[in-house]
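Engineer:
Chains as they are written, first to last, in our numbering: chain Z, 190 to 848; chain H, 82 to 254.
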């Protein structure tokens with residue numbers, strides 16, 4: 190009852206915010222804009238309150254609420270009970286609404302002192318999207334529907350996959366924060382298009398608005414891979430599953446947009462293109478949500494056939510058409526004068542970067558939707574596998590890595606070929622030495638993709654390190670500052686730039702880890718009897734015995750394996766877990782991580798006599814560096830998001846001009 | 082209005098929307114059953130709370146039969162159960178209804194049935210999942226419509242649709 194009422198308040202507020210926002214945009218009335226901001230804040234409060242009401246119902250096991258009776262269980266621990274908020278369709282849409290409310294509220298407080306022409310249109314658009322989600326929660330995906338009478342005394346508990354690992358507590362919300370957050374840049378881009386303006390302050394704000402959800406989306410993708418690695422037991426972290434692709438697609442276009450948005454603030458060019466990328470990013474998050482939630486794809490992620498599918502498809506269709514018409518009608522207002530950039534310049538680097546990202550997006554989108562096309566046209570079931578994606582993603586990834594080195598090394602404007610060469614020769618030489626070294630050292634015999642990737646990565650890393658520290662070196666040389674002072678001043682004046690390079694460094698680490706973990710992985714299936722030993726790479730594995738553990742919400746069968754290796758002796762215990770009822774057991778692998786590689790054991794079966802265990806053993810090199818790389822990326826993004834002195838100083842006159 | 086952008090936009094957007102709309106509603110795990118049109122595989126299984134009695138497919142010959150594979154751990158089965166009860170009561174005496182419990186415990190079945198409106202037809206225990214294997218059950222629930230001669234006329238994936246079932250049963254009567 191309370192939940193329903195709050196959601197309806199949210200729906201009404203979103204409708205009010207949309208109408209007053211657009212009216213304020215059309216009339217330029219400041220009063221109407223203030224109303225729209227009030228509506229938007231009410232929406233935020235209502236949606237967050239609705240979410241809290243559901244969390245409360247879950248926590249007190251109120252099985253008279255249908256959603257609680259569906260995902261709650263008296264035997265699940267409290268933290269899992271709260272997590273079950275997003276374990277099923279209705280709850281996850283509710284969380285979606287709350288996150289959207291928080292983002293819109295953040296935009297409102299940011300835009301309060303910035304009454305530029307774009308603001309009311311942006312706010313109206315955000316409220317429109319918010320209203321759609323409030324409608325989903327109020328009607329077709331209403332989590333507050335009462336449970337059928339008689340009220341059950343207990344429920345089945347959330348999806349077992351959700352209960353299996355702590356990472357599942359953070360992976361879905363990070364993705365939501367990433368997906369939902371794209372509504373803010375989307376609204377801002379619509380504001381730009383409608384008003385025909387994309388000023389420097391607005392562009393800077395647009396980048397910040399993109400950066401936050403980008404940070405969360407990156408976290409969501411990596412944590413999803415990490416979870417798959419730690420839980421699913423097939424020894425990998427990425428499988429080009431449609432839903433993984435669904436999260437990668439907006440990440441690719443958002444990354445392209447973050448780069449494209451650096452050009453307008455420099456040269457005023459590419460405004461229309463930047464705005465287009467932002468619109469596409471938002472549309473891809475909608476597509477991703479549809480793909481995940483509609484049951485169109487067979488995947489670990491899909492919730493079964495849901496009622497919101499057709500409504501969501503309708504919304505997606507309308508949004509797509511509206512964006513195309515809006516772009517066609519207004520993009521000419523944003524397109525700018527100016528000569529095309531010089532062939533060898535940083536601008537060109539940005540352009541090629543964007544072309545590559547967009548090409549990669551198309552490839553992944555095509556591979557993901559191709560099975561649907563085939564089924565619709567020919568009625569054939571097929572799936573597009575890893576080879577297709579890898580064939581395109583590997584060369585494109587290496588090319589992007591190469592640009593990551595070339596781009597920042599090149600000066601803006603029109604550098605002479607000689608100066609470009611001077612900037613590039615040392616990093617190139619270093620990369621060549623690394624490549625020759627790895628071939629000579631027998632790491633990889635021939636010139637393979639892996640070697641090429643490592644070589645290009647060395648080059649990109651060398652440029653990144655040099656460019657990141659350049660302001661410090663310049664300060665020390667020209668102002669005679671001490672290292673500490675120079676570093677601090679460079680950091681506080683150029684944190685966006687530094688943050689960007691730290692992100693680049695993190696990406697280089699991730700790409701190398703991906704390449705190495707793929708190329709040099711060793712795996713084997715073994716069957717061991719109790720007491721029996723087997724040699725695997727540098728380890729000796731011995732089955733010590735098995736354990737049967739009863740926990741309130743699951744029973745676990747563990748195989749205890751003693752491992753002797755160069756780093757000392759330790760024990761690993763991969764397990765098969767069963768959750769209430771007769772559901773198929775879900776494996777939890779056990780992993781021993783070192784800086785160079787992981788030893789990864791996945792339990793396949795325990796013999797009926799209890800004395801044998803089938804185990805899939807993997808030696809996965811470089812995995813730890815994936816997570817380290819992600820930590821570096823996140824750190825870099827946060828550094829770039831810190832308010833910078835240079836940014837503030839530049840923003841002030843621009844805002845006054847806008848006023 | 083920039084006509085080039087408009088045209089390019091629609092060239093990209095239209096096929097995407099068409100494909101999504103087209104695949105929508107299709108169950109991705111739906112694979113047509115090769116058993117449709119063939120005699121239903123025979124079984125003889127113990128009846129839940131039947132004091133050791135068994136029920137075989139042969140005993141249902143002469144009337145149309147609906148076989149429903151289900152389990153207490155399957156969410157959709159709970160949604161479907163009231164519809165099955167209603168159907169069984171509507172066609173009482175004219176159509177056989179048989180539930181086959183897949184990978185489940187007897188005490189769970191009893192508890193579940195009593196909290197879901199009871200039984201209107203016998204529930205069999207699929208010992209060693211032999212029936213499920215013979216019928217090629219892929220995902221619960223699944224229902225098979227078998228005619229008077231013992232030939233499978235239709236397979237329903239997932240929860241049944243009441244109206245659809247009535248139409249198909251009427252065809253077999």
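Ideal Cβ placement from N, Cα and C applies to all residues, glycine included.
Which one of 405/Z, 625/Z, 728/Z and 342/Z has the shortest CA to CA distance from residue 360/Z?
Structural biologist: For this step, residue 360/Z is matched to residue 171 along the first chain. Comparing Cα positions, the closest option is 405/Z.
Engineer: By Cβ distance, which residues of its chain are closer than 8 Å to residue 217/H, with the 5 residues on each side in sequence left out?
Structural biologist: Looking up residue 217/H in the second chain gives position 136. Closer than 8 Å at Cβ, skipping near neighbours: 114, 115 and 116.
Engineer: Is it buried or exposed, residue 230/H, if we count other Cβ atoms within 10 angstroms and call 16 or more buried?
Structural biologist: For the purposes of this step, residue 230/H is identified with residue 149 of the second chain, where counting begins at 1. Exposed, since its Cβ has fewer than 16 Cβ neighbours within 10 Å.
Engineer: Leaving out five residues on either side along the sequence, give the residues of the same chain with a beta carbon under 7 Å from the beta carbon of residue 251/Z.
Structural biologist: Position 62 of the first chain, counted from the start, is the residue given in the question as residue 251/Z. Once the five neighbours on either side are set aside, the close Cβ partners of residue 251/Z are 257.
Engineer: I need the DSSP call for residue 757/Z, collapsed to helix, strand or coil.
Structural biologist: As a working mapping, residue 757/Z is identified with position 568 in the first chain. Of the three classes helix, strand and coil, the one that applies to residue 757/Z here is strand, per DSSP.
Engineer: Should residue 717/Z be flagged as near chain H, meaning a C-beta pair shorter than 8 Å?
Structural biologist: Within the first chain, numbered from 1, the residue matching residue 717/Z stands at position 528. False, the Cβ-Cβ gap to chain H never drops below 8 Å.
Engineer: Pick helix, strand or coil for residue 345/Z, following the three-state DSSP scheme.
Structural biologist: In the first chain, residue 345/Z corresponds to position 156, counting from 1. If DSSP states are grouped into helix, strand and coil, residue 345/Z belongs with coil.
Engineer: Give the DSSP-derived three-state secondary structure of residue 208/Z in the structure shown.
Structural biologist: What you label residue 208/Z is simply residue 19 of the first chain in a count that begins at 1. It is helical.
Engineer: What are the boundary residues of the alpha helix (DSSP H) that includes residue 420/Z?
Structural biologist: Stepping through the first chain from its first residue, residue 420/Z is reached at position 231. Segment 389 to 420, the alpha helix (DSSP H) holding residue 420/Z.
Engineer: If residue 347/Z sits next to residue 234/Z, beta carbons under 8 Å apart, how far is it from one beta carbon to the other, in whole angstroms?
Structural biologist: Here residue 347/Z is taken as the residue at index 158 of the first chain, counted from 1. Here residue 234/Z is taken as the residue at index 45 of the first chain, counted from 1. Not a contact, Cβ separation roughly 27 Å.
Engineer: Tell me the DSSP secondary structure of residue 360/Z in three-state form.
Structural biologist: Residue mapping note: residue 360/Z aligns to position 171 of the first chain, counting from 1. Correct three-state label for residue 360/Z: helix.
Engineer: Looking at residue 250/H and residue 61/H, is the spacing between their C-beta atoms short of 8 Å?
Structural biologist: Shown here, chain H extends from 82 to 254; a query on residue 61/H therefore has no answer.
Engineer: For a test of the three-state rule: what should DSSP assign to residue 236/H, helix, strand or coil?
Structural biologist: Residue numbering aside, residue 236/H sits at position 155 when the second chain is read from its first letter. Strand at residue 236/H.
Engineer: Verify whether the separation of the beta carbon atoms of residue 158/Z and residue 333/Z is less than 8 Å.
Structural biologist: Examination of residue 158/Z is not possible in this model, given that chain Z is present from 190 through 848 alone.
Engineer: Looking only at C-alpha atoms, which of 788/Z, 661/Z, 595/Z and 201/Z sits nearest to residue 684/Z?
Structural biologist: Mapped onto the first chain, residue 684/Z falls at position 495. Cα-wise, what sits closest to residue 684/Z is 661/Z.
Engineer: Kindly identify the DSSP beta-bridge partner or partners of residue 146/H.
Structural biologist: The residue labelled residue 146/H in the question sits at position 65 within the second chain. 177/H and 227/H, per the DSSP bridge assignment.
Engineer: Report the CB separation of residue 646/Z from residue 700/Z in whole angstroms; it is logged as a contact under 8 Å.
Structural biologist: Along the first chain, one-based indexing puts residue 646/Z at 457. Along the first chain, one-based indexing puts residue 700/Z at 511. Yes, residue 646/Z and residue 700/Z are in contact; Cβ-Cβ is about 6 Å, under 8 Å.
Engineer: Let me see if you follow: with CB-CB separation under 8 Å, is residue 102/H close to chain Z or not?
Structural biologist: The sequence position of residue 102/H within the second chain is 21, counting from 1. Yes, because at least one Cβ of chain Z sits closer than 8 Å to the Cβ of residue 102/H.
Engineer: Is residue 209/Z close to chain H, meaning its C-beta is less than 8 Å from at least one C-beta of that chain?
Structural biologist: Here residue 209/Z refers to the residue found at position 20 when the first chain is read from its first residue. Not an interface residue.
Engineer: Excluding the 5 residues preceding and the 5 following residue 407/Z in the sequence, name in chain order all residues of the same chain whose CB lies nearer than 8 Å to its CB.
Structural biologist: Locating residue 407/Z in the first chain gives position 218, where the first residue counts as 1. Excluding residues within five positions, the ones whose Cβ falls inside 8 Å are 367, 440, 819, 822, 823 and 826.
Engineer: Pair every Cβ in the segment 234 to 244 of chain Z with every Cβ in the segment 194 to 203 of chain Z, then say whether three or more of these pairs are closer than 8 Å.
Structural biologist: The answer is yes - the segment 194 to 203 of chain Z touches the segment 234 to 244 of chain Z, with three or more Cβ pairs under 8 Å.
Engineer: Would you identify the three-state DSSP class for residue 151/H, choosing helix, strand or coil?
Structural biologist: In the second chain, residue 151/H corresponds to position 70, counting from 1. Three-state DSSP puts residue 151/H in a strand.
Engineer: Flag this pair as touching only if the segment 259 to 276 of chain Z and the segment 218 to 233 of chain Z have three or more C-beta atom pairs under 8 Å; answer yes or no.
Structural biologist: Because the criterion of three Cβ pairs below 8 Å is not met, the segment 259 to 276 of chain Z and the segment 218 to 233 of chain Z do not touch.
Engineer: Any contact between the segment 785 to 795 of chain Z and the segment 421 to 435 of chain Z? By contact I mean 3 or more CB pairs, one from each, below 8 Å.
Structural biologist: The segment 785 to 795 of chain Z, when compared against the segment 421 to 435 of chain Z, does touch it at the 8 Å Cβ threshold.
Engineer: Counting pairs of beta carbons, one from the segment 150 to 158 of chain H and one from the segment 119 to 139 of chain H, are three or more of them closer than 8 Å?
Structural biologist: The segment 150 to 158 of chain H, when compared against the segment 119 to 139 of chain H, does not touch it at the 8 Å Cβ threshold.
Engineer: Kindly indicate which three-state DSSP category residue 195/Z falls into: helix, strand or coil?
Structural biologist: Along the first chain, one-based indexing puts residue 195/Z at 6. Reduced to three states, the DSSP call for residue 195/Z is helix.
Engineer: Nearest chain H C-beta to residue 492/Z closer than 8 Å, yes or no?
Structural biologist: Within the first chain, residue 492/Z is the residue found at index 303, counting from 1. Low confidence applies to residue 492/Z: its pLDDT is 48, below 50, so where it sits in the model is not reliable, and the reading given next is rough at best. So no, residue 492/Z is outside the interface.
Engineer: Would you say residue 253/H reaches chain Z, if we count a Cβ-Cβ gap shorter than 8 Å as a contact?
Structural biologist: Your numbering for residue 253/H matches position 172 in the second chain. With 8 Å as the cut-off, residue 253/H does not count as an interface residue toward chain Z.
Engineer: Pull up the distance between the alpha-carbon of residue 586/Z and that of residue 190/H, whole angstroms please.
Structural biologist: The count along the first chain starts at 1 and reaches residue 586/Z at position 397. The count along the second chain starts at 1 and reaches residue 190/H at position 109. Answer to the nearest angstrom: the Cα atoms are 54 Å apart.
Engineer: With respect to the alpha helix (DSSP H) encompassing residue 220/Z, which residues constitute its N-terminal and C-terminal limits?
Structural biologist: For the purposes of this step, residue 220/Z is taken as residue 31 along the first chain, with counting starting at 1. 219 to 248 is the span of the alpha helix (DSSP H), which, as asked, contains residue 220/Z.
Engineer: So what does DSSP say about residue 783/Z, is it helix, strand or coil?
Structural biologist: Stepping through the first chain from its first residue, residue 783/Z is reached at position 594. Residue 783/Z: coil per DSSP, three-state reduction.
Engineer: With 8 Å as the threshold, decide whether the Cβ of residue 558/Z is near any Cβ in chain H.
Structural biologist: As a first step, residue 558/Z is located in the first chain; it is residue number 369 there, counting from the start. It does: the Cβ of residue 558/Z has a partner Cβ on chain H nearer than 8 Å.
Engineer: Nearest chain Z C-beta to residue 83/H closer than 8 Å, yes or no?
Structural biologist: The residue given as residue 83/H occupies position 2 in the second chain. With 8 Å as the cut-off, residue 83/H counts as an interface residue toward chain Z.
Engineer: Between residue 641/Z and residue 413/Z, what straight-line distance do the alpha-carbon atoms span, to the nearest angstrom?
Structural biologist: Here residue 641/Z refers to the residue found at position 452 when the first chain is read from its first residue. Here residue 413/Z refers to the residue found at position 224 when the first chain is read from its first residue. Rounded to whole angstroms, residue 641/Z to residue 413/Z spans 28 Å at the Cα level.
Engineer: Using the Cβ count rule (16 or more neighbours within 10 Å means buried), how would you classify residue 85/H?
Structural biologist: Within the second chain, residue 85/H is the residue found at index 4, counting from 1. Exposed.
Engineer: Taking a contact to mean a Cβ-Cβ separation below 8 Å, would you say residue 596/Z touches residue 538/Z in this structure?
Structural biologist: Sequence index remark: in the first chain, residue 596/Z carries index 407 (1-based). Sequence index remark: in the first chain, residue 538/Z carries index 349 (1-based). For residue 596/Z and residue 538/Z, yes; Cβs fall inside 8 Å.
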